[in-house]
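First residue of the sequence shown? That's 411 in our numbering, and the numbers climb one at a time after it.
Virtual Cβ for every residue (Gly too), placed ideally from N, Cα, C.
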Amino acid sequence: MSDLCRMVEVDGVPAKDRYNILKTKGINTIFSSIDMTDGIYDRAEALVTMGSDIHSLGLKWCANLALSDLYQGVIAEVGADNRMFVRKAERAGFENVHKLFTMLAGAGAAPDYVQIEIETYNKINGISLSFEEQTRMINALINAAKAACSDSKIVLATEDSTDNEKVKKWFSRFQVSGGKQFDIISLKYDINAETFYDLSCNMSDLSRRFEADILIDISGQDDIYSADISLEDIDSAIAIVPFDRGLGTVYSDEMLAKANMVA
411 MSDLCRMVEV DGVPAKDRYN ILKTKGINTI FSSIDMTDGI YDRAEALVTM GSDIHSLGLK
471 WCANLALSDL YQGVIAEVGA DNRMFVRKAE RAGFENVHKL FTMLAGAGAA PDYVQIEIET
531 YNKINGISLS FEEQTRMINA LINAAKAACS DSKIVLATED STDNEKVKKW FSRFQVSGGK
591 QFDIISLKYD INAETFYDLS CNMSDLSRRF EADILIDISG QDDIYSADIS LEDIDSAIAI
651 VPFDRGLGTV YSDEMLAKAN MVA
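So this is what it looks like as structure tokens:
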């Protein structure tokens with residue numbers, strides 16, 4: 411289990427010393443969200459510093475693409491015209507991700523993982539997207555990230571960690587609709603003994619069905635010690651995912667502040 415990926419979600423751009431402290435707690439990957447806006451590549455110095463600092467300590471970086479502001483900017487430009495929105499949003503997603511990640515890669519600060527939250531496409535104000543349109547927009551992001559940083563692994567994150575039928579249907583439709591290759595499925599999970607078995611079954615089924623590694627995201631829970639499932643229980647469930655496809659866990663920074671060690 412010591413080989414599991416252990417990510418911690420951090421806010422903003424912490425000082426380098428903070429990464430070093432997290433490393434002493436057994437963390438090997440830093441998880442952070444990038445607030446994507448149009449032209450972000452022109453003001454990316456802090457992100458370059460962040461990626462460089464993380465890698466200089468022998469840590470990995472998972473960059474989550476927070477896309478709401480970028481897409482709202484497109485809506486402000488084109489209104490609620492679905493066809494125009496999808497075309498503009500697809501282009502804006504590709505151009506901004508590609509230019510930003512090209513800059514990061516050129517500075518040796520490319521993220522090791524790039525995460526896209528699939529529920530983003532259910533929550534775009536005033537726009538109702540078909541599944542094929544959702545797929546096009548996600549594909550644009552994957553294409554941009556891989557074109558700039560070919561070694562970065564693509565993570566598709568879902569909130570449906572225990573509803574196997576729902577999440578299985580989404581990923582099946584994504585593939586049938588021409589969805590691009592991804593490497594990892596991240597399952598956001600609220601720790602609960604009553605749903606833990608469902609989570610374990612879902613991890614095993616998804617890993618086999620889609621040949622993807624599985625990441626469990628418990629970063630929404632700050633106090634693991636009040637839960638009836640321990641970190642060791644989660645590690646054990648991840649470690650037995652078939653074909654060694656259990657990747658690891660995402661923790662919150664607040665949770666680790668209360669923990670002596672994670673590793």
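Residue environment, residue i, which counts as buried when at least 16 other CB atoms sit within 10 Å
i	result
residue 467	exposed
residue 417	buried
residue 559	buried
residue 582	exposed
residue 666	buried
residue 612	buried
residue 649	exposed
residue 546	buried
Of the residues the options, the one placed nearest residue i, counting alpha carbons only
i	options	result
residue 567	595, 517 and 511	595
residue 584	644, 634, 530 and 541	541
residue 548	519, 574 and 501	501
residue 597	488, 478 and 576	576
residue 621	627, 532, 600 and 656	656
residue 537	569, 486 and 651	486
residue 562	571, 569, 552 and 570	552
residue 523	482, 425, 444 and 645	444
Distance between beta carbons of residue j and residue i, contact taken as under 8 Å
i	j	result
residue 484	residue 473	Actually they are not in contact, since the Cβ atoms of residue 484 and residue 473 sit about 21 Å apart, beyond 8 Å.
residue 447	residue 480	6 Å
residue 458	residue 519	5 Å
Own chain residues within Cβ distance below 8 Å of residue i, not counting five before or after
i	result
residue 505	554
residue 602	637, 638 and 639
residue 653	617 and 618
Same chain, Cβ closer than 7 Å to residue i, five either side skipped, listed in chain order
i	result
residue 619	578
residue 438	415, 416, 469 and 470
Every unbroken alpha helix (DSSP H) inside the segment 461 to 514 [4 residues or more]: 478 to 488
With a floor of 3 residues, list each beta strand (DSSP E) that falls wholly inside the segment 553 to 587, ordered by position along the chain. 563 to 568
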